[in-house]
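Protein chains: 4
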Amino acid sequence: MLMATPSTDLRNVAAFAIHSEIHSARPDVGCAAHSHSVYGRAFCATGRTLDMLTQDSCVFYNDHVLYDNFQGVVLASDEGKHIAKALGHRKAALLGNHGLLTAGRTIEEVVAYFVLLDKCCEVQLAADASSAGSGKPLVHIGEKEAQVTWEALGHSSNGYFMGLPLFQTVEAELGPRTFLGRGVEPI
Amino acid sequence: MLMATPSTDLRNVAAFAIHSEIHSARPDVGCAAHSHSVYGRAFCATGRTLDMLTQDSCVFYNDHVLYDNFQGVVLASDEGKHIAKALGHRKAALLGNHGLLTAGRTIEEVVAYFVLLDKCCEVQLAADASSAGSGKPLVHIGEKEAQVTWEALGHSSNGYFMGLPLFQTVEAELGPRTFLGRGVEPI
Amino acid sequence: MLMATPSTDLRNVAAFAIHSEIHSARPDVGCAAHSHSVYGRAFCATGRTLDMLTQDSCVFYNDHVLYDNFQGVVLASDEGKHIAKALGHRKAALLGNHGLLTAGRTIEEVVAYFVLLDKCCEVQLAADASSAGSGKPLVHIGEKEAQVTWEALGHSSNGYFMGLPLFQTVEAELGPRTFLGRGVEPI
Amino acid sequence: MLMATPSTDLRNVAAFAIHSEIHSARPDVGCAAHSHSVYGRAFCATGRTLDMLTQDSCVFYNDHVLYDNFQGVVLASDEGKHIAKALGHRKAALLGNHGLLTAGRTIEEVVAYFVLLDKCCEVQLAADASSAGSGKPLVHIGEKEAQVTWEALGHSSNGYFMGLPLFQTVEAELGPRTFLGRGVEPI
């Protein structure tokens, strides 16, 4: 959240305003991730939440929210408070006209959820666009099946398991100095 | 299908449920591939099978099926049985609201088919989306031409030939220790 | 702007015609960037300017223009003059049927703006395409919020700060011989 | 056009059927390129030719053709003859339901044209898809401006100049043993 060089003191105030309020509101959260990925940005301009189009989107079934009250770049802790309140107990928020946010117990799950959420956005954007041409509506997963899938894939430990290979890949590329990928038990 | 570290015993139950039942039902199958690629996921939410839009899609002419009975993440062998039954003698299945699956005699052909199927999904999604804007319907290959093309490109040996360069590239990048790319005769 | 080998004297006349006129018209401009990126090209064929769909697009709020008078490849300084006139005091121009152009005080901000503008084009193209299928109009940022966001993110120093990591990455990859990433004060 | 290992004699018959007939019909052609790129495939399923949407597409103004007589994979020289006849004196053909083909005097220009044509397909697909959502028709370049641009960019020497950096990049990555990028005069 801080970027500084000897000749500057530019802190990422917006990042601090968001992250600090989420940690205040959610003591169970060990990590939150937020960025302006391309598909996340595009989806967050649609004013929609994720449709349950694939097994993977069910990880966010009843477990993500759209925060649609964009007030400009987040510079006051008030705005961070509003986002934290909207997020509630969920693992993800679509920040309207802004980008994606995921939160959870471990860094691994939060990174895995973020990557997964961005892919879900890409999938829904592409599927929606194609249906305009084919004239055939998309197929949605039923509520019962979505709930069953969330139960199987949507817990913190599932997310941790999903995130491990991402970190192990980084470790393999950057070397053991990264202290990552030490097993499935959170450090 | 198994991912384990000293401190865990998390097996990929879903993968085992799918793959084991396909191998049981299809003794000719030496390999099956399944993953949630982005374009595969998006296409599998459309409830459609591949249109014969390009020479390459004809590799799947009368040789792929949509399994549209998504019941949640596959945790019971029953679901794997259903998928294997739907696949039948074909080389590929679109698993509705889920992802792609290819099967065949050799690892090479199955990987080649998987990559090709994912590209066919990407092609159809992009072509459909564009036709919504142009207002001009896509051009479909005739049944006779599709059949002729399948005969020329759709056999196991064609797939093996298609897959070889993929493995040779991996071998060139990872070194000869991979025991891949030894010629066109399956090992 | 010049590409030459011992056996040739082919100069990029079009690039010179554009860049020289911008520097003549805008003494504050230390750098201008222009290229035919894929999403920039596609968006510049739509005859539209950026909608305020995301926080990032607000960097160009009332700060970009569409130059829609494509006369063929720019070979005369007259055409460069027209582009410079259309750009005015703004940081970016969408050159209709052509590509993107950004300009600013420092190389860092101009590169950051260019990358950001291209992503904004990609975002809007994907969001628009998806809305054709969903039937739901996109959500636009209000004028007040867009202005507030421009004030926070749209200044030259913000762009410089945004561009630094891009150059630091290049420096990390190509070595310290590049003389880049020396801090937040323009050299 | 030939792929062989000690244990096989599988030749790329389809490639030979296409390329040999083009060389027979066009003595001026030193090189032809054909492949099934993703965007090329998708565009070649639309039954359309390139609209003049960007400066770059004008390189193909009155200089490309749609061959819309897909008969299945090209295994007979007759089909190659038909393609060569359709191509005529032009630099590119969109092979319907199949893929892209470019031809020219030098390898450099042909590769540059191929890459450019594929990008033009990507641009038009994305622009069309977006216009379905925005409801606003795309802006087309006028005939006079397209012709002027073709005159400036569409000649063999322009293509050679465009292709040089592609080969120089390959040379830089693979070493001087590639005998590429020796200047702007064709070898």
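Order-wise, the sequence lines are chains A, B, C and D. Numbered per the working numbering, the first sequence spans residues 11 to 197. Numbered per the working numbering, the second sequence spans residues 11 to 197. Numbered per the working numbering, the third sequence spans residues 11 to 197. Numbered per the working numbering, the fourth sequence spans residues 11 to 197. By construction, the Cβ of each residue, glycine as well, lies at the ideal position given by its N, Cα and C atoms. Given the structure is predicted, the values throughout are model-derived calculations rather than measurements.
Sequence-distant Cβ neighbours of residue 147/D in its own chain, meaning closer than 8 Å and more than five residues away, are 141. Contact annotation, residue 144/C with residue 58/A: C-beta distance approximately 7 Å; criterion of less than 8 Å satisfied. In the displayed model, residue 71/C falls within coil according to three-state DSSP, outside both helix and strand. Residue 64/A holds the alpha-carbon nearest to the alpha-carbon of residue 159/A among 90/A, 133/A, 64/A. In the structure shown, residue 55/D adopts coil according to DSSP, grouped into three states. Residue-level contact check: residue 137/C does not touch chain B, since none of the beta carbons of chain B fall below 8 Å from its beta carbon. Rounded to the nearest angstrom, the gap between the Cα atoms of residue 35/A and residue 36/B is 54 Å. 78, 80, 81, 82, 83, 85: these are the residues of the region 70-98 of chain C whose beta carbon lies less than 8 Å from some beta carbon of chain D, given in chain order. With its beta carbon at least 8 Å from every one in chain A, residue 55/D lies outside the interface. The C-alpha of residue 60/A is placed about 8 Å away from the C-alpha of residue 70/A. Interface annotation, residue 142/D: in contact with chain A, CB-CB separation under 8 Å. In its own chain, leaving out the 5 sequence neighbours on each side, no residue places its CB closer than 7 Å to the CB of residue 153/A.
Taken atom to atom, the span from the alpha-carbon of residue 91/C to that of residue 97/C is near 10 Å.
Only buried fits residue 47/C, as 16 or more other CB atoms lie within 10 angstroms of its CB. Boundaries of the alpha helix (DSSP H) harbouring residue 184/B: 166-184, taken from the DSSP string. Annotation: residue 107/B to residue 56/B spans about 8 Å, alpha carbon to alpha carbon. Contact with chain D is absent for residue 110/B, since none of that chain's Cβ atoms lies less than 8 Å from the residue's Cβ. At a cut-off of 8 Å between beta carbons, residue 151/B contacts chain D.
Sorting 38/A, 78/A, 28/A, 169/A by C-alpha distance to the C-alpha of residue 119/A places 169/A at the top. Annotation: Cβ neighbours of residue 146/C in chain A (cutoff 8 Å, chain order): 56, 57, 58. Around the Cβ of residue 27/A, a 10 Å sphere holds 16 or more other Cβ atoms; the residue is buried. In this structure residue 43/C is not in contact with residue 116/C, their Cβ atoms being roughly 12 Å apart against a cut-off of 8 Å.
Listed in chain order, the non-local C-beta contacts of residue 95/D below 8 Å within the same chain comprise 35, local neighbours out to five positions each way being set aside. At least one CB of chain D lies nearer than 8 Å to the CB of residue 64/B. Residue 102/B counts as buried, since no fewer than 16 other beta carbons sit within 10 angstroms of its beta carbon. Under a criterion of Cβ atoms nearer than 8 Å, the residues of chain A adjacent to residue 106/B are, in order, 149. Annotated as proximal: residue 126/C and residue 66/C, with beta-carbon spacing under 8 Å. Linking residue 155/A to residue 149/A through their CA atoms gives a straight-line distance of about 13 Å. Taking 8 Å as the CB threshold, residue 176/D stays off the interface with chain C.
Of the candidates 100/B, 81/B, 72/B, 105/B, the residue whose Cα lies closest to the Cα of residue 45/B is 105/B. For the 8 Å CB-CB criterion, residue 139/B and residue 133/A do not form a contact.
Not flagged as an interface residue toward chain D: residue 116/B, since no C-beta distance is shorter than 8 Å. Secondary-structure assignment with DSSP links residue 111/C through a beta bridge to 44/C, 103/C. Burial is judged here by how many other beta carbons sit within 10 angstroms of a residue's own beta carbon; residue 122/B has at least 16 and is buried.
Residue 184/D counts as exposed, since fewer than 16 other beta carbons sit within 10 angstroms of its beta carbon.
Note on geometry: alpha-carbon atoms of residue 68/A and residue 129/B lie some 25 Å from one another.
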